[in-house]
Structures are given as structure tokens and as C-alpha cells.
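These notes are about the structure you will find just below.
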Amino acid sequence: MASGKEEDQKIRIGKQILSEDELEIQAPYKGDLFVLKYPNPILHSQIEMETARRLGGYPRSSYSADYLLQLEMNVTVDLLYVSEKCPNWYEGPFEDFDEERTLALYNNFLKFRDNFRRRLRASRPDESGKRGSS
Numbered sequence: 003m004a005s006g007k008e009e010d011q012k013i014r015i016g017k018q019i020l021s022e023d024e025l026e027i028q029a030p031y032k033g034d035l036f037v038l039k040y041p042n043p044i045l046h047s048q049i050e051m052e053t054a055r056r057l058g059g060y061p062r063s064s065y066s067a068d069y070l071l072q073l074e075m076n077v078t079v080d081l082l083y084v085s086e087k088c089p090n091w092y093e094g095p096f097e098d099f100d101e102e103r104t105l106a107l108y109n110n111f112l113k114f115r116d117n118f119r120r121r122l123r124a125s126r127p128d129e130s131g132k133r134g135s136s
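Going by the working numbering, the first residue of the sequence shown is number 3, and it counts up by one from there.
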């Protein structure tokens, strides 16, 4: 993330060029505004690696679905929240034991991700050269 008033970094997705601001996820929760960033491929890999590390080398089948979901939510939110744009008391889901807050932030991420993917599909030409429709 660019700090201060530095020039906003541009992100290329196919032929589209987006600013970091366009990839920020606004997640209001009980009067506070939290900001998450949409993961680039490297950050997405870091989420996967951190999840695997926290599983301690054991296969996912060794854990309950509830535990795996909670771990996925915590790791995702922990790596995606933008501390400078979140309330100053918030230190991430591993320090904050409010599961409802973590679930709300994670759901905001999933909603943004699904809408973002839908927008990308709609702007991508199909084989006939026409833009997709959603």
C-alpha cells in the first residue's frame, strides 16, 4: 500500500487498469468502518500458505468444518485488513475475539469478491467479440 500522499499504485487485470482504491472493500460494522484490500495473486498465496502453516502440516480432513471456516476467516481478514484505515483499536482477528465482527468483515470480502468477478466477466469479450452479460 502506498503511504501518505504517494501516487496511487495501478493494478492491471487483463486490459483493465484499476487503482488500489477501486480494490478496497469498505466494511461497516456497528458504527465503525473497516477497510480490507482485495488480494492480488501473491497475497492470495500468502493466505493459503498461512492457513496451511496454522494447520501444522495435518490434512484439512483432520479438522472440523467449523474450525476450518473460522481459520480461513481469521487468516483472510488478518492479511487483508488495512490497519491505517481501520479503527485504531482494532489489531486484527487473532487479537480480537469478536467472531461476529470477523464474520461480518469476511462476508463483506466475499460479497465484494463475487461482485468484482462478475464485473470482470461482464467486461471480458466472448469468442464472438461481444462483451459478456451478467
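For glycine and all other residues, C-beta sits at the position ideal for the given N, C-alpha and C.
Query	Result
Indicate whether residue 48 and residue 81 have their beta-carbon atoms separated by less than 9 Å.	yes
Express the C-alpha separation of residue 58 and residue 15 in angstroms, rounding to a whole number.	34 Å
I think residue 38 touches residue 107, with their Cβ atoms under 8 Å apart; what is that distance to the nearest whole Å?	6 Å
Tell me, which residues are paired with residue 27 by DSSP?	38
When you compare each of 21, 51 and 36 to residue 87 by their alpha carbons, which one comes out closest?	36
Have a look at residue 68 and residue 116 and give me their C-alpha separation to the nearest angstrom.	22 Å
Quick check: what's the CA-CA separation for residue 25 versus residue 111?	11 Å
Out of curiosity, what's the CA-to-CA distance linking residue 74 and residue 21?	27 Å
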